[in-house]
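Numbering (this note's numbering), first residue to last: 377 to 810. Input: a single structure, listed below in structure tokens.
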């Protein structure tokens, strides 16, 4: 792999075997990789993932090169987070956090990821682990988890902005940026993107306030000759929530659009749009953006978005931008079900990011193959189809009865070593407590 050319041959080889394992194994942990992937060794895999200092930046640059070649300039850059349920307290960044896959707050790690979407294909191009603030109150815990000494607490919004600026600086091609409401409710983030000249569409919360007229917030006039001069800005127009505005619109205002093809037919929804003013109560001027509202056919649940696309942007264009977010959810599903994204054995900071970098390489390969064959297969080629092909083609350690016997013998040896180590630790603890 080009991104490992500066590393030793053993590290490059272990990375290739790890990638093969992400495709070949049912459970993508290093024990199964060592058992099934031809030429693999557990200790080499572990060293490559946890101890070798190969650069994720080189992997990212290769991903950017591949993404530009396959996705081109018209892709959407979508930011979202994904959670990974974990037991215990040793894994870096682990805490009780919202886990969308489980639908509840659970002991988890959470990563913030950037994905490129085009033509129903999606590939992850960068990501960072979110570390909760209370972790930084325990320097020893951070050190044991291998976190860089220079690392400081960052919110998920700050991580997303850093990823975006880094990807743009390193030459990633994309046409617009998409966020869900977890990021769209942050005024400072949207204002920063607007100031940076980025075209974005961000989902927002149902209680978001809007103005139909420019609030033109000047400083309040002085009413008394004495005392401090007023510093509070006051809007000169009435504010209302996006929900109240949408509910006040007549049925005739809704437009029905097909935004993408689905497995069970076209995905159709109803939309409203309006140019509105947005003001956070602090900025010297309000901003004028598009408000997009989406409603399922026959449903009552509404989704709301802000977009700073050009004033003449059509409703179809805005609806298409909003539909791009669907595919990052599919990418997470594919990454977890076919590329072992959630099946890692890594507690430390470096190992977590190394694993995710290799998962991104695997997912990029699958995206490239789907894009390359979309005309032949009419977009029916799935990640699962490709994994079945790879499992059939990639060499395996287990070919004969003797290979199976050797695999089980080695498995038993590792289990025995683990048991003996556990007993020794237990005995040492009991002696220390006497």
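A virtual CB, placed ideally from N, CA and C, is assigned to each residue, including glycine.
Taking all protein chains shown into account, do 16 or more other C-beta atoms lie within 10 angstroms of the C-beta of residue i, making it buried, or fewer, making it exposed?
i: residue 462; result: buried
i: residue 754; result: Bear in mind that the predicted position of residue 754 carries a pLDDT of just 47, short of 50, making it unreliable; the figure below should be weighed with that in mind. Per the 10 Å Cβ criterion, exposed.
i: residue 760; result: exposed
i: residue 414; result: exposed
i: residue 526; result: exposed
i: residue 569; result: buried
i: residue 684; result: buried
i: residue 789; result: exposed
i: residue 393; result: buried
i: residue 703; result: buried
i: residue 411; result: buried
i: residue 624; result: exposed
i: residue 736; result: buried
i: residue 540; result: buried
i: residue 547; result: exposed
i: residue 680; result: buried
i: residue 420; result: buried
i: residue 514; result: exposed
Going by Cα to Cα distance, which pick from the options is closest to residue i?
i: residue 592; options: 659, 429, 541 and 494; result: 659
i: residue 614; options: 588, 446 and 634; result: 588
i: residue 498; options: 769, 747 and 506; result: 747
i: residue 404; options: 807, 431, 720 and 750; result: 720
i: residue 423; options: 442, 503 and 389; result: 389
i: residue 813; options: 740, 657 and 677; result: Residue 813 lies beyond the residue range present for the chain, which begins at 377 and ends at 810; the question has no answer from this structure.
i: residue 630; options: 612, 670 and 492; result: 670
i: residue 740; options: 396, 446 and 416; result: 446
i: residue 522; options: 797, 426, 768 and 583; result: 426
i: residue 470; options: 515, 768, 484 and 406; result: 484
i: residue 676; options: 708, 619, 698 and 712; result: 619
i: residue 511; options: 785, 801, 725 and 768; result: 725
i: residue 712; options: 791, 509 and 399; result: 399
i: residue 617; options: 635, 652, 641 and 627; result: 652
i: residue 434; options: 543, 477 and 401; result: 543
i: residue 791; options: 401, 385, 407 and 402; result: 407
i: residue 714; options: 689, 649 and 743; result: 743
i: residue 439; options: 567, 402, 492 and 786; result: 492
By DSSP, does residue i sit in helix, in strand, or in coil?
i: residue 549; result: coil
i: residue 528; result: coil
i: residue 403; result: coil
i: residue 444; result: helix
i: residue 457; result: strand
i: residue 631; result: strand
i: residue 625; result: coil
i: residue 876; result: Absent from the structure is residue 876, since the part of the chain shown begins at 377 and ends at 810.
i: residue 678; result: strand
i: residue 754; result: Residue confidence is low: residue 754 scores 47 on pLDDT, short of 50, so the model does not pin down where it sits. Its coordinate-derived value is still stated next. Coil.
i: residue 715; result: coil
i: residue 394; result: helix
i: residue 665; result: strand
i: residue 728; result: helix
i: residue 748; result: helix
i: residue 465; result: coil
i: residue 647; result: strand
i: residue 431; result: coil
i: residue 439; result: helix
i: residue 507; result: coil
For residue i, collect the residues of the same chain with a Cβ closer than 8 Å to its Cβ; drop the 5 residues on either side in sequence, then sort them by chain order.
i: residue 559; result: 455, 532, 533, 536, 565 and 578
i: residue 633; result: 644, 645, 646, 647, 691, 692 and 695
i: residue 549; result: 443, 444, 447, 448, 449 and 451
Leaving out the 5 sequence neighbours to the left and right, which residues in its chain are closer than 6 Å to residue i when beta-carbon positions are compared?
i: residue 682; result: 578, 580 and 665
i: residue 488; result: 457, 504, 506, 532, 535 and 536
i: residue 554; result: 452, 454, 577, 700 and 701
i: residue 612; result: 591 and 592
i: residue 436; result: 502
i: residue 708; result: 458
i: residue 509; result: 529
Looking at chain C, is there any beta carbon in it that lies within less than 9 Å of the beta carbon of residue i?
i: residue 580; result: Chain labels in this structure do not include chain C; a single protein chain is all it has.
Whole-angstrom Cβ separation of residue i and residue j, contact assumed at under 8 Å?
i: residue 443; j: residue 501; result: 5 Å
i: residue 770; j: residue 745; result: Not a contact, Cβ separation roughly 14 Å.
i: residue 731; j: residue 432; result: Not quite, the Cβ-Cβ distance comes to about 11 Å (not below 8 Å), so this is no contact.
Can you name, in chain order, every residue of its own chain whose Cβ lies under 7 Å from the Cβ of residue i, other than the five neighbours on each side?
i: residue 450; result: 494 and 551
i: residue 395; result: 734, 737 and 738
i: residue 417; result: 410
i: residue 654; result: 586, 662, 663, 665 and 682
i: residue 387; result: 380, 424, 428 and 430
i: residue 673; result: 644, 645 and 646
i: residue 460; result: 484, 485 and 718
Consider the C-beta atom of residue i and the heavy atoms of the ligand GTP; say whether any pair is separated by less than 8 Å.
i: residue 709; result: This structure simply doesn't include the ligand GTP, nor any ligand for that matter.
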